[in-house]
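I have placed the structure first, in the form of structure tokens, so that the comments after it can refer back to it.
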Amino acid sequence: MKYFFKRYWIPILIAFIISFPLFILGVIRTNKTVTLKGDTTIVENFVEIDNAYSQKGSFSTIYVISFDHSTILQNLMLDAGKTSEVADLPENYLHFTDSELSQMGRIQHEASIMYALINAYRKASLTTNSISIDYSFDAYVIYYYDIASEFRIGDRIIGVNGLYAKDDFNAFREAFNNRQENDLLNVERGSSELAIQATSDNMRVAGYSFYNIDSAAPSYKIKPSNVGGPSGGLLQTLALYNALIEEDITKGYKIAGTGTIAADGTVGAIGGIQQKIYTAFDDAMDIFLCPEANYEEALIAYNKLKNKEKMQLYAVSTLDEALEVLANA
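Residue numbers (this note's numbering): 1 to 329.
Next up, the structure:
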């Protein structure tokens, strides 16, 4: 061993000098977020409807690989990639832990499934009386809070000044939407109920109205999933709607896309649109549905594709617009 080091100490020193900076660059984390191409996921993997109609084509959501607080080495390597993106992590997200960000994504995904079910059943019920859905308000669930706020991700706002949603939803909604400083918000956190006073620091929260789906015909089953975020809402809604009605709106096409869905059928913006365009094209999708708010950015990536005519790109702002695009495809 002594002879070995005596003979090879110079190469070992050189290797150390070269590798040590790389090691340091590989462990120092930054306030950057990285987005990479991911994969497409058949929507049927999320929800199963009893006696669903078959389809010749498919609906696919798209997930991208994204992680925050990337290392310096990761940033250097990925920033040069043609289909990856390295960006500053928004300052208003720096106070969240990795665990909170994961919880945030789960809440957003649960909301997207819930809104997809409501929209799909409600729309399909217009075609036949045998389809129905009944739902009632449950709570306003927080998925974002400002750094100085007393709220936490997962908090469930159920009342304002002792006026509970379960007793009078319309009055609760009006009081919550017009809340003022010093109002007391009744909050469920785990098994406890708190009264949090509205202040200038905690007035700015973001969340979803969660509903209890009391009944639905035909019945459905939500399957376990590790996917997070709300961006699959539009495609989930379309797939569920197609499973409920006799007409096959896929017409045999492989349909992919992205966009949030609101309870009223509005399609909202998402992140990672360029990476999703690349992913869908690589997976040979025929149609890509994009939120109107993301269209200009999506078009930049779309115009870089060779043989882009193999996948048609459409911008939509509502569920009805998406259905109209597919009707005319």
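Positions of the beta carbon are idealized from the N, C-alpha and C atoms, including for glycine.
Counted within 10 angstroms of its Cβ, other Cβ atoms place residue i as buried (16 or more) or exposed
i	result
residue 244	buried
residue 53	exposed
residue 98	exposed
residue 95	exposed
residue 330	Only positions 1 to 329 of the chain appear in the structure, and residue 330 is not among them; the question remains open.
residue 310	exposed
residue 166	exposed
residue 242	buried
residue 260	buried
residue 58	buried
residue 107	buried
Which listed residue (the options) has its alpha carbon closest to that of residue i
i	options	result
residue 209	283, 142, 104 and 134	142
residue 312	323, 329 and 168	329
residue 56	252, 300, 316 and 271	252
residue 234	250, 184, 205 and 268	268
residue 214	274, 205, 120 and 136	136
residue 295	284, 258, 285 and 132	258
residue 315	288, 301 and 303	288
residue 114	278, 232 and 275	232
residue 60	239, 325, 309 and 110	239
residue 318	307, 292, 226 and 181	292
residue 303	169, 274, 227 and 164	274
residue 220	127, 132 and 325	132
residue 109	199, 290, 270 and 324	270
residue 229	62, 29 and 58	62
residue 332	246, 195, 297 and 191	Only positions 1 to 329 of the chain appear in the structure, and residue 332 is not among them; the question remains open.
residue 362	297, 236, 307 and 308	Residue 362 is absent from the structure shown; the chain starts at 1 and stops at 329.
Close-in-space but distant-in-sequence residues of the same chain around residue i (CB under 6 Å, 5 per side omitted)
i	result
residue 104	143 and 153
residue 305	281
residue 134	214 and 215
residue 283	40
residue 202	149, 150 and 151
residue 285	254, 256 and 311
residue 205	142, 145 and 151
residue 125	131 and 132
residue 162	none
Contacting residues, own chain, Cβ-Cβ under 8 Å from residue i (five flanking each side not counted)
i	result
residue 160	172, 175, 176, 179, 183, 184, 185 and 186
residue 299	313
residue 121	131, 132, 133, 216, 240 and 244
Whole-Å CB distance - residue i paired with residue j, under 8 Å assumed
i	j	result
residue 272	residue 119	Rounded, the Cβ-Cβ distance is 23 Å, inconsistent with contact.
residue 189	residue 155	5 Å
residue 249	residue 47	About 17 Å; that fails the 8 Å criterion.
residue 276	residue 64	6 Å
residue 158	residue 164	6 Å
Cβ neighbours of residue i in the same chain (closer than 7 Å, five flanking residues each side left out)
i	result
residue 218	49, 50 and 51
residue 147	95
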